[in-house]
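Written out below as structure tokens is the structure these notes cover.
Residue numbers (the UniProt record's numbering): 1 to 265.
Structure (structure tokens):
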């Protein structure tokens, strides 16, 4: 099957020694996430939640790339473009990320776009390679932030820095992500996955209840507000997806031209 044909196999899920490893495996498309991939990831989170032998989750990309974000063409074909309701696999994943009681480790190399950035705000330990390049282009696409990032980013780095990343939607480096507090460490690309795997397995050997309770105590103080913000974001995101600004942004993308937003108010 061609690599660009969307299938669940573009996500590899492995359970080993207390760690559930989720690998985005669609490198020819820069690991752009399809509806089928989201469903596989959601199923992996659900299984990891229920299994007592799973202590930690590890999220990583493949072949030097984390994820280029959502595959817009696939979402359009699947009729999921404007679906931000309970049946949306994207919404289901966001809720798993917010509610996950077990530590989540992430290894980031190459592009991390859209949800590839905002999901990191729900991870606990994040390691990035020197090649990592982050971007949240939501506004550029006629949309708003998601995954509670409009609340979490200002909380992590302060409003001015968060506004710069969200409103301008420009790419930023791993070093900048580190200085903003989005990630824990910048490493040579060739050791990022090794380091994240090592950390995940080290966590898996620790007392499981102590891990869960410690994470809960650190996150519960703002979890309710994060959930409320995420719900508000989803409402506005759905409006944006079916609105004229997003339509212009998508048309410009497919026509390989600069979008013209001058006619909008």
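Note that CB positions come from ideal geometry on N, CA and C, so glycine has one too.
- request: Classify residue 40 as helix, strand or coil using the three-state DSSP reduction.
  value: helix
message: Rounded to the nearest angstrom, what separates residue 142 and residue 149 at their Cα positions?
response: 16 Å
query: Straight-line CA distance for residue 12 to residue 41?
result: 9 Å
field: Straight-line Cα distance separating residue 162 from residue 154
entry: 5 Å
query: From residue 64 to residue 192, what does the alpha carbon distance come to, in whole angstroms?
result: 10 Å
- prompt: Near residue 172, which residues of its chain fall below 6 Å by C-beta distance, leaving aside the five closest residues on each side in sequence?
  reply: 134
field: Coil, strand or helix - residue 142 by DSSP
entry: coil
task: Would you be able to state if there are at least three C-beta pairs under 8 Å between the region 96-106 and the region 24-32?
output: With the cut-off at 8 Å, the region 24-32 and the region 96-106 do not touch.
- prompt: Which residues in the same chain as residue 252 place their Cβ atom closer than 7 Å to its Cβ, once the five residues preceding and following it in sequence are excluded?
  reply: Excluding sequence neighbours, residue 252 sits near 258, 259.
message: On a Cα-Cα basis, can you pick out the residue from 61, 18, 16, 108 that is closest to residue 37?
response: 61
query: Just reading off the beta strand (DSSP E) that residue 16 is part of, what are its end residues?
result: Its beta strand (DSSP E) spans residues 11-16.
query: Does DSSP put residue 106 in a helix, in a strand, or in coil?
result: Residue 106 carries a strand assignment under DSSP once its states are collapsed to helix, strand and coil.
query: What's the call for residue 76, buried or exposed, on a 16-neighbour Cβ count within 10 Å?
result: exposed
message: Going by C-alpha to C-alpha distance, which of 67, 159, 202, 87 sits closest to residue 10?
response: 67
query: residue 21: buried (16+ other C-beta within 10 angstroms of its C-beta) or exposed?
result: buried
query: So what's residue 6 in DSSP terms, helix, strand or just coil?
result: With a pLDDT of 49 at residue 6, under the threshold of 50, the modelled position of that residue is not reliable, and the figure given next carries that caveat. Here residue 6 sits in coil by DSSP.
message: Does residue 185 come out as helix, strand or coil in the three-state DSSP assignment?
response: strand
message: Helix, strand or coil for residue 129? Go by DSSP, reduced to three states.
response: strand
task: Report yes if the CB atom of residue 69 is closer than 8 Å to the CB atom of residue 115, and no otherwise.
output: Against a cut-off of 8 Å, the Cβ pair of residue 115 and residue 69 comes out as a contact.
For residue 160, the first and last residue of its enclosing alpha helix (DSSP H): 159-168
- prompt: Quick one: is residue 233 buried, meaning 16 or more other Cβ sit within 10 Å of its Cβ, or exposed?
  reply: buried
- prompt: To which residues does DSSP link residue 137 through a beta bridge?
  reply: Answer by DSSP bridge pairing: none, since residue 137 is not bridged.
message: Taking only three categories from DSSP, how would you classify residue 111?
response: strand
- prompt: Going by DSSP, what residues sit across from residue 56 in a beta bridge?
  reply: Paired residue(s): 19.
Beta-carbon proximity list for residue 144, same chain, < 8 Å, skipping 5 on both sides: 138, 150, 233, 236, 237, 240
Backbone CA spacing between residue 129 and residue 58 [nearest angstrom]: 16 Å
message: Quick check on this structure: which residue in 197, 167, 158, 249 has the alpha carbon closest to the alpha carbon of residue 108?
response: Ranking 197, 167, 158, 249 by Cα distance to residue 108 puts 197 first.
- prompt: How would you call residue 249, buried or exposed, if buried means at least 16 neighbouring beta carbons within 10 angstroms?
  reply: buried
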